Amino acid sequence: MTRYVLTGFIPFISNIGALVDSPDMERSQMNFKRLSLTDIKIDIGRIPKKKVLIDAMEAAGKLLVLYVKKKWERSSWGRKLIVQKKRASLNDFDRFKVMVAKIKV
């Protein structure tokens, strides 16, 4: 299953990959094939340390992480992923109720 995590995009390493980092994950290299860029951005320096990255997120606003997550959830891609998670967690009876509701509409 694909896992989507909001990360900070640090610099390009080469023409096939870049460093990514976020408060809840370790800094690592990822290929561009595995990354999907969005319009959401936070201004940070070049190759910041983990603490500097977290401080930059907090300096831009105490609730910046929540703001970015809410902005992500409001995007069409984020909404699509939320719906997929909800549907994956349905049991048989819930799926039956959804089917009946679709038939009534």
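Taking full-length UniProt numbering, the leading residue of the sequence shown gets 1, the next gets one more, and so forth. All residues carry an ideal CB built from backbone N, CA and C; glycine is no exception. It should be emphasised that the depicted structure is a prediction, and the values quoted were computed from it without experimental measurement.
For R87, the enclosing alpha helix (DSSP H) covers residues S76 to A88. Judged by DSSP secondary structure, V20 falls outside any alpha helix (DSSP H) and instead within the beta strand (DSSP E) spanning G17 to S22. R27 sits in a strand when the DSSP states are folded into three classes. With respect to the 7 Å criterion, L37 and Q29 are not classified as neighbours on the basis of their beta carbons. C-alpha of L35 to C-alpha of G45: approximately 21 Å in a straight line.
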